[in-house]
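Participant: Under our numbering, the first residue of the sequence shown is numbered 668, with each subsequent residue one higher.
By construction, the Cβ of each residue, glycine as well, lies at the ideal position given by its N, Cα and C atoms.
Just so we're clear, the structure is a prediction, and the values are computed from it rather than from any experiment.
Attaching a single structure in structure tokens format; questions to follow.
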Amino acid sequence: MTTVHEPPVEQVDNDQHPVGYGRMLRKEDPRFIRGRGHYTDDVQLPGMLHLAILRSPVAHARIVSIDTSAAEAHPGVKAVITGEALAGQGLAWMPTLSNDVQAVLATDKVRFQGQEVACVVAEDRYAARDALELIDVEYDMLPPVIDARHALDPDAPVIRDDLEGKTDNHCFDWETGDAAATDAVFAAADVVVSEDVVYPRVHPAPMETCGCVADYDPVEGKLTLWSTSQAPHAHRTLYAIVAGLPEHKIRVISPDIGGGFGNKVPIYPGYVCAIVGSLLTGKPVKWMEDRSENLTSTGFARDYIMRGEIAASRDGKILAVRTNVLADHGAFNGTAAPVKFPAGFFGVFTGSYDLKAAYCKMTAVYTNKAPGGVAYACSFRITEAVYLVERLVSRLADELGQDPAQLRLANFIHPDQFPYATPTGWVYDSGDYAGTLREAMRIAGYDELRAEQVRRRERGELMGIGVSTFTEAVGAGPRKDMDILGLGMADGCDLRIHPTGKAVVRLSVQSQGQGHETTFAQIVSEELGIGPDDIEVVHGDTENTPFGLGTYGSRSTPVSGAAAALVARKVRDKARIIAAAMLEVAPTDLEWVKGSFQVAGDPGKAVTIQQVAMRAHGAGDLPEGIEGSLDAQITYNPPNLTYPNGAYLCVVDIDPGTAQVKVRRFVAVDDCGTRINPMIIEGQVHGGLTDGLGMALMEIIAFDPDGNCLGGSLMDYLIPTALETPDWETGYTVTPSPHHPIGAKGVGESATVGSPAAIVNAVIDALKPLGVTALDMPLTPSRVWEAMQGRATPP
Ligand code: MCN
Ligand code: CUM
668 MTTVHEPPVE QVDNDQHPVG YGRMLRKEDP RFIRGRGHYT DDVQLPGMLH
718 LAILRSPVAH ARIVSIDTSA AEAHPGVKAV ITGEALAGQG LAWMPTLSND
768 VQAVLATDKV RFQGQEVACV VAEDRYAARD ALELIDVEYD MLPPVIDARH
818 ALDPDAPVIR DDLEGKTDNH CFDWETGDAA ATDAVFAAAD VVVSEDVVYP
868 RVHPAPMETC GCVADYDPVE GKLTLWSTSQ APHAHRTLYA IVAGLPEHKI
918 RVISPDIGGG FGNKVPIYPG YVCAIVGSLL TGKPVKWMED RSENLTSTGF
968 ARDYIMRGEI AASRDGKILA VRTNVLADHG AFNGTAAPVK FPAGFFGVFT
1018 GSYDLKAAYC KMTAVYTNKA PGGVAYACSF RITEAVYLVE RLVSRLADEL
1068 GQDPAQLRLA NFIHPDQFPY ATPTGWVYDS GDYAGTLREA MRIAGYDELR
1118 AEQVRRRERG ELMGIGVSTF TEAVGAGPRK DMDILGLGMA DGCDLRIHPT
1168 GKAVVRLSVQ SQGQGHETTF AQIVSEELGI GPDDIEVVHG DTENTPFGLG
1218 TYGSRSTPVS GAAAALVARK VRDKARIIAA AMLEVAPTDL EWVKGSFQVA
1268 GDPGKAVTIQ QVAMRAHGAG DLPEGIEGSL DAQITYNPPN LTYPNGAYLC
1318 VVDIDPGTAQ VKVRRFVAVD DCGTRINPMI IEGQVHGGLT DGLGMALMEI
1368 IAFDPDGNCL GGSLMDYLIP TALETPDWET GYTVTPSPHH PIGAKGVGES
1418 ATVGSPAAIV NAVIDALKPL GVTALDMPLT PSRVWEAMQG RATPP
């Protein structure tokens, strides 16, 4: 059950619009709820073979030998591929999205448990799996590096000895802000609070695991790849570069995707193996991971060990934030972030506050764990940034003896300060942070909750109220600042209007469940007055869509959404010229009334967009400069990111006997600017809050000292079910983005970014009477119990 709170003041809301934005049911759902979705694993091709991957059982070892003879002799087996065989083709290593390289199949060493060592292509999945057991690999064990804190010890074994001249496990250093200015503010401040904060390694765990079907046609020299990809165009370009196939001979199709959450941004060795398998056998080859393969070998998230410091005046003016981060990147740097931002957008760790100075220093290291780093609705690492600063601000409030909501209200960037340049160089576009937090406090009945807390504390009950407010930065580019491996982060959009006035809009972004088939139709509908049901949205096929960088970092609405609005306006401009000729007036004499052009002052004289479409395709001459048709194409290069914000309040009760945390209430007020479809936004927020609840209370990919992954199944890696999930209460404020054509900001990751801090702050608030001031996720009953006994558990 969920509750939606409408704001008391009049806001731009779209619930009532019949055409365009509004609470429209999702066009894709009839397909999904009737089992008619078409996922990668549904692709069946004649003669299709199946690929299975042999994975390393250990975290770090030298490969002495691989004997594949028994596997090759197994019935049904068509090919057994090793790293050595790939090396012969120059394919044993592939570039990652962060300018590192990653082994496709290991040649020299294995560097994490679950790493790809060899693969089998066979007539069916069972034969392929059975043959894996027959491959004999001899390993020479090496000591692993598991704790990032020891990765740079002088005696630590060097993981990446494949990199020339590499003598340690250092991955990269990064800094942002002004160190000297920040130090000076800290030195003069009345109050400095510091905290060590671990954001543990977690996993997106989408319902559908990763996989592909590679179909190489040797006659046409053409590769068709169905794959679980959040970025089909970028993937195609990379395959062209890696495999040396001409780009126009590669078609990447992302069919329906059962959740991505960033897990489907990287290129995985399995995709490359399937392509090689198809090249080798001349047959289509399918590879689908199982659950453990997904959890142990694909893009993880977080794994940041952070020390944060916050400086303030005694009366509660926050002055500066300073942070030092140790980032665990696993065995290969497989992070997918714009190359200029090796730590993603962690630079927005200054949060929603008007600060004098800020500085961050980061050291990233290699460890013997799976690669990845940017995933799980992370907004390019803003999850970590928000969590850190929101812990620090709440900790500061405790130190100052102030209410955490009031402290935030006193320190927010003020509405008239926008556009606001942060001390780390980001330019926030718009926001009314106090308005958003006040709305959350109104919905929650904040003052009454605090009064209740006093009464309960007197009775010895453990009730906590957690506050978290956040600003996100979503919608990468602009292309001058942002690229992935040299590809600028802009997006195309094509719009075609058929003679009868129905439309097809083609996107470069790709939905994994966010409802793009609905919301992009709504955007075009709002601009053109054609009903959303008359607008088909095409995405996920490089052959039928314009180039663009794909869906992640909540960039679809900020970038492609802008492109969709502008391409529709381009069509409208063209339609105006044709309409003017039809009505025998000048184009400037026409007024656009959603869906039709009317002669100003004479509403009886009008033509609809559908009539114009027919005229554009019809017989007879068209006005000067119009060739015919109403089609248009655009590439949108965003001038800036959009900066959605939110204010979250969480109420928890902790069972003093079992230390179980129960989230009693959770109020989320989000501001994503203009709201295209309120129902879809609520769905995005509910999902993100549930993600946040999972991370705060139960999710962790842990390793034992030998590097064995302890989160390799959903029995060990806990994700929340309906039982643990409370009734979410959502509200909203609307502060449009000034530079986005329709004022919309992204929202897909907001709730995952903002919610963990609210929950952890609530738990620490509940435990305050016991003297607890800090606690790391996940807040499992055992960890909370230890804290209640005055003991800290090692992360
Ligand atoms: N929307 C809207 N009004 C706005 C903003 C967004 O109606 N002002 C709608 C959009 O039109 C879109 C949805 O909300 O239908 C999400 O839009 P947006 O914020 O632009 O995010 P993306 O579409 O780019 O989706 C990516 C984002 C990311 S990065 C992760 S991770 C995540 C998320 O979306 N993965 C998801 N939400 C997910 N939801 C589902 N079901 N599955 C995933 O894998
Ligand atoms: Cu960082 S997860 Mo989303 O950007 O696909």
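1. For the beta strand (DSSP E) that Gln-1265 lies in, which residues bound it at each end?
2. For Val-784 and Leu-772, which I take to be in contact (beta-carbon distance under 8 Å), what is that distance rounded to the nearest angstrom?
3. Distance, Cα to Cα, Val-777 vs Thr-963?
4. Does DSSP put Trp-1093 in a helix, in a strand, or in coil?
5. Please tell me whether, using a cut-off of 7 Å, the distance from the CB of Ile-1151 to the nearest non-hydrogen atom of the ligand MCN is below it.
6. Got a sec? Which residues, its chain only, sit under 6 Å from Lys-1261 by beta carbon, not counting five neighbours each side?
7. Between Lys-745, Gly-1413, Val-880, Lys-950, which has its C-alpha nearest Arg-918's C-alpha?
8. What ranges does the beta strand (DSSP E) occupy inside the stretch 1206–1286, keeping only unbroken runs of at least 3 residues that lie completely in it?
9. Taking C-alpha atoms, which residue in Thr-1103, Val-1171, Gly-975, Ala-1157 lies nearest to Gly-1144?
10. Would you kindly check if the distance between the Cβ of Asp-1358 and the Cβ of Ala-1044 is under 8 Å?
11. Compute the Euclidean distance between the alpha carbons of Pro-1290 and Val-1204, then round it to the nearest angstrom.
12. Report the CB separation of Leu-892 from Ile-942 in whole angstroms; it is logged as a contact under 8 Å.
13. For the ligand MN, is there a heavy atom less than 7 Å away from the beta-carbon of Ala-1042?
14. Which partner residues does His-910 have in the DSSP bridge list?
15. Rounded to whole angstroms, what is the Cα-Cα separation between Asp-1150 and Leu-764?
16. Closest to Thr-1402 by CA distance: which of Arg-1342, Glu-1125, Gly-1133 is it?
17. Are Lys-1237 and Ile-1301 touching if we call contact CB-CB under 8 Å?
18. Kindly examine the ligand MCN and report whether one of its heavy atoms sits closer than 7 Å to the Cβ of Ser-1019.
19. Looking at Pro-1225 and the ligand MCN, is the gap between the Cβ and the nearest heavy atom below 7 Å?
20. From the DSSP output, which residues share a beta bridge with Tyr-706?
21. Are the CB atoms of Thr-1136 and Arg-1048 within a distance shorter than 8 Å?
22. Go to Thr-843, then tell me how far its beta strand (DSSP E) extends in each direction, as first and last residue.
23. Can the beta-carbon of Ile-920 be found less than 8 Å from the beta-carbon of Asp-1208?
24. For Met-761, does the three-state DSSP call read helix, strand or coil?
25. Please list, in chain order, all residues of the same chain as Gly-929 whose beta carbon is under 8 Å from its beta carbon, the five residues on each side excluded.
26. Taking 7 Å as the cut-off, is the CB of His-1183 close to at least one heavy atom of the ligand MCN?
27. Could you tell me if the beta carbon of Phe-928 falls within a distance shorter than 7 Å of some heavy atom in the ligand CUM?
28. Starting from Val-771 and walking both ways along the alpha helix (DSSP H), at which residues does that stretch end?
29. Check whether the stretch 1108–1119 touches the stretch 1268–1275, taking contact to mean three or more Cβ pairs, one atom from each stretch, closer than 8 Å.
30. Helix, strand or coil for Pro-1082 per DSSP?
31. Let me check understanding here. Comparing Cα to Cα, which of Asp-829, His-915, Arg-722, Asp-995 lies closest to Leu-819?
32. How about Ser-632: is its Cβ closer than 7 Å to a heavy atom in the ligand CUM?
33. Considering only residues of the stretch 952–1024, which uninterrupted beta strand (DSSP E) runs meet the minimum length of 3 residues and lie entirely inside it, listed in chain order?
34. What's the C-alpha gap between Gln-678 and Pro-1408?
35. For Cys-1376, list the residues DSSP reports as bridge partners.
36. In the DSSP assignment, what residue or residues form a beta bridge with Pro-815?
Facilitator: Taking the structure as given:
1. 1263–1266
2. 6 Å
3. 14 Å
4. coil
5. no
6. Gly-1196
7. Val-880
8. 1257–1260, 1263–1266, 1269–1275
9. Ala-1157
10. yes
11. 30 Å
12. 7 Å
13. The model depicted lacks the ligand MN and carries the ligand MCN and the ligand CUM instead.
14. The amino acid occupying residue 910 in the given sequence is Ala; His does not appear at that position. Answer is none; Ala-910 lacks a bridge partner.
15. 10 Å
16. Arg-1342
17. yes
18. no
19. yes
20. Asp-923
21. no
22. 837–844
23. yes
24. strand
25. Pro-871, Gln-897, Gly-966, Ala-968, Ala-1003, Val-1041, Ala-1042, Tyr-1043, Ala-1044, Cys-1045, Tyr-1219
26. yes
27. yes
28. Taken as a continuous stretch (DSSP letters only), Val-771 belongs to no alpha helix (DSSP H), as it is neither H nor E.
29. no
30. helix
31. Asp-995
32. Because the chain in this structure spans residues 668 to 1462, residue 632 falls outside the shown range and cannot be described.
33. 952–955, 967–979, 985–995
34. Residue confidence for Gln-678 is low, a pLDDT of 48 falling below 50, so the modelled location carries little weight and cannot support an answer.
35. Phe-1370
36. Note that residue 815 is Ala in the sequence shown, not Pro. The partner list for Ala-815 (beta bridge, DSSP) is empty, contrary to what the question assumes.
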